[in-house]
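For reference, the structure discussed in these notes is given below.
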Amino acid sequence: MIAPSPDIDLDAGPRAQELERMCVATRTVRPVADMIRFVIGPDGEAVPDLKRKLPGRGVWVTATQDALSEALKRKALARGFKREVRLPADLVARTGQLLERAALDALAMAGKAGLVATGFTRVEAALAQENVIALLHAAEAAADGIRKLDAAWRRRPERGPVVTIGLLTSAQLDLALGRPNVIHAALLAGPTDTFLARLRRLERFRSGEPSRPGKSTRLEMDTDDRDEQE
């Protein structure tokens, strides 16, 4: 029997095209898309490498805040590097903030490309005339407004599934879209996969739920449509 390599926790660097890695916290093998790579920065501090491109050999953690907290608590992250590394006390919070920033940056790009309609009236019009793939409601949006836009979507004679997103606050939507008081927005069909993928990753990090192929962030359809999709 071949003994496992003493460097099993360390990858071969950012150029290694690996599809799966072992989580240093749970010791389970997962697709790299469900994990976060960490490397040691120039100052000797562990930093998350969300794009998996930073230089140096890295260790991997399942992309949830619970797994990362466990890795820090058990000192698994430090052991994985097999060298001295500084672990900031707020590493979990920093990682969540970076994931959030990445999602907002992608939303900003979609907005600049003209793929986001904002404001109740514009969103309602987009639902009637455009190919809307997602509805964004601020976390503090009133239930009445959400219900009315849902009704507008249901009035479409030919409606496809729409992702309903309530993960972001109005302040975050304002920042990303460069507009004040954004409560409702519609994401139009186009090159928006990056935003939705990053948002799913942020939600997974917060909730701890593993990714499910074919499922979207807070996907909501009427009962008949949902049954057909599943």
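Residue numbering for the sequence shown follows this note's numbering, beginning at 2 and increasing consecutively.
Backbone N, C-alpha and C define an ideal beta-carbon position, used for all residues, glycine too.
- Residues that DSSP places opposite residue 39 in a beta bridge: Its beta-bridge partners are 49, 60.
- Query: For the candidate residues 177, 15, 185, whose alpha-carbon lies nearest to that of residue 102?
  - Reply: Checking every option, the nearest Cα to that of residue 102 belongs to 177.
- Task: Could you spell out the range, first to last residue, of the alpha helix (DSSP H) harbouring residue 205?
- Result: From DSSP, the alpha helix (DSSP H) with residue 205 extends over 194 to 208.
- Message: Give me the DSSP bridge partner(s) of residue 1.
- Response: With the chain running from 2 to 231 in the structure shown, residue 1 is simply not present.
- Write down the C-beta distance between residue 104 and residue 203 rounded to the nearest angstrom, noting that I regard them as a contact closer than 8 Å. For a cut-off of 8 Å, the C-beta gap from residue 104 to residue 203 is around 5 Å, short enough to register as a contact.
- Would you identify the three-state DSSP class for residue 184, choosing helix, strand or coil? Per DSSP, reduced to three states, the secondary structure at residue 184 is coil, with no helix or strand assignment.
- Query: Mind checking whether residue 169 and residue 140 have CB atoms under 8 Å apart?
  - Reply: Cβ distance < 8 Å, so residue 169 and residue 140 count as in contact.
- Comparing alpha-carbon positions, which option in 132, 12, 117, 54 lies nearest residue 158? Considering only alpha carbons, the answer is 132.
- Taking all protein chains shown into account, decide if residue 20 is buried (16 or more other Cβ within 10 angstroms of its Cβ) or exposed. Under the 10 Å beta carbon count, residue 20 is surrounded by fewer than 16 other beta carbons and is classified as exposed.
- Message: Could you give the first and the last residue of the continuous beta strand (DSSP E) run that contains residue 9?
- Response: For residue 9, there is no enclosing beta strand (DSSP E), as DSSP marks it with neither H nor E.
- Where residue 10 falls, given that 16 or more other Cβ within 10 Å makes a residue buried: Answer is buried; the Cβ neighbour count reaches 16.
- Query: What residue does the beta strand (DSSP E) around residue 178 start on, and which one ends it?
  - Reply: Taken as a continuous stretch (DSSP letters only), residue 178 belongs to no beta strand (DSSP E), being part of the alpha helix (DSSP H) at 171 to 178.
- Are the segment 49 to 68 and the segment 108 to 124 touching by the rule of at least three beta carbon pairs closer than 8 Å? The segment 49 to 68 vs the segment 108 to 124: no contact.
- Excluding five sequence neighbours on each side, which residues of the same chain lie with their C-beta closer than 7 Å to the C-beta of residue 173? Answer for residue 173: 105, listed in chain order.
- Task: Would you please state the rounded distance, in angstroms, between the beta carbons of residue 72 and residue 25? I believe it to be under 8 Å.
- Result: With a contact defined as Cβ atoms closer than 8 Å, residue 72 and residue 25 qualify at about 6 Å.
- Query: In terms of alpha-carbon separation, which member of 137, 78, 151 lies closest to residue 167?
  - Reply: Of the candidates 137, 78, 151, 137 places its Cα closest to the Cα of residue 167.
- Excluding five sequence neighbours on each side, which residues of the same chain lie with their C-beta closer than 6 Å to the C-beta of residue 70? Correct list, in chain order: 93.
- Query: Alpha carbon to alpha carbon, what distance is there between residue 29 and residue 23?
  - Reply: Spanning the alpha carbons of residue 23 and residue 29 requires a straight line of approximately 5 Å.
- Query: What are the boundary residues of the alpha helix (DSSP H) that includes residue 111?
  - Reply: Segment 92 to 113, the alpha helix (DSSP H) holding residue 111.
- Item | Contact belief for residue 135 with residue 197 at Cβ below 8 Å, rounded distance in angstroms | About 7 Å separates the Cβ atoms of residue 135 and residue 197, confirming a contact at the 8 Å cut-off.
- Query: For residue 55, which three-state DSSP category applies?
  - Reply: Residue 55: coil per DSSP, three-state reduction.
- Task: Would you tell me roughly how many angstroms separate the C-alpha atoms of residue 119 and residue 130, rounded to the nearest one?
- Result: Computed Cα separation, rounded: 15 Å.
- Task: Please report how far the alpha carbon of residue 90 lies from the alpha carbon of residue 14, in whole angstroms.
- Result: Distance between the alpha carbons of residue 90 and residue 14 is about 25 Å.
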